[in-house]
Each structure stands twice: as C-alpha cells, then as structure tokens.
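I have placed the structure first, in the form of structure tokens, so that the comments after it can refer back to it.
Numbering (my numbering), first residue to last: 1 to 122.
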C-alpha cells in the first residue's frame, strides 16, 4: 500500500463520499422539515425516496468509520463529520503537527477508509 500524494480512483471516490457527509446531513434535516410542512406543492414521494438514499449514504460512512482504528477514526470525524469541521489550524494544535503532517495524516486516513474491505480480509 502506498501513501503518496496520488490517490487512485477508489480513494477519490471515498474522499468525495466523506466530503459529502456534511451536506447530506444538512439536506436530511431540510427534507425532514419540508415533510412536516405538508404543503400540497411539495412532492413528498420524491423527498421520501431521496431521504432513503441520503440515510443509506450517511449510514455507509458511519459504519465504515466505526471499523477504523481510533486515531484515523477521530481524525476523519474531526475533518468531515462534525457540525463545525476542524480547520487545518485546529488539527495542527490538536495533533501537535505541522501543516504538511496534518495533510499526510488525513491522506493516510482516507486511504485506510478506502481500503478497509481489503484490510479486513488480510
């Protein structure tokens, strides 16, 4: 396994999934509020179908992150899953690292997140 600067297509896909976690969470909240309104102009069947998709995406990320070692889990949670995502300055202070080391740790965590299936069967 290589922890260089280049990501494979799988790594980029998983990174995109992690990056979309926050927007999916916000979209879920909006959809739930819209469904409560009960307006005749709102297409609730579409909302329900999309809400199922969003819940599946959120559950996929949460279940996958739970299987990671503590250090990677905490880092990905800080960067992608918190309501107020950590900035690079927050990470530098928390992990007592340089900016370059923080990016390297994030990259390694994303790669582990991506290759979790392969790691579990080794």
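Just so you know, even glycine gets a beta-carbon here, dropped at the ideal spot from N, CA and C.
Exposed unless 16 or more other CB atoms sit within 10 angstroms - verdict on residue i
i	result
residue 45	exposed
residue 110	buried
residue 113	buried
residue 96	exposed
residue 105	buried
residue 37	exposed
residue 3	With a pLDDT of 48 at residue 3, under the threshold of 50, the predicted position of this residue should be treated as unreliable, though the coordinate-derived value follows. Exposed: under 16 other Cβ atoms inside 10 Å.
residue 49	exposed
residue 52	exposed
Nearest-angstrom Cβ-Cβ length linking residue i and residue j, presumed shorter than 8 Å
i	j	result
residue 42	residue 34	6 Å
**Message:** When you compare the segment 12 to 24 with the segment 70 to 87, are there three or more beta-carbon pairs, one atom per stretch, that lie closer than 8 Å?
**Reply:** yes
**Request:** For the segment 4 to 49, list the beta strand (DSSP E) runs that are entirely contained and at least 3 residues long, ordered along the chain.
**Result:** none
**Request:** Determine contact between the segment 82 to 93 and the segment 59 to 74, defined as no fewer than three beta-carbon pairs at a distance below 8 Å.
**Result:** no
**Request:** Taking 8 Å as the threshold, find out whether the segment 25 to 33 comes into contact with the segment 7 to 16 through three or more Cβ pairs.
**Result:** no
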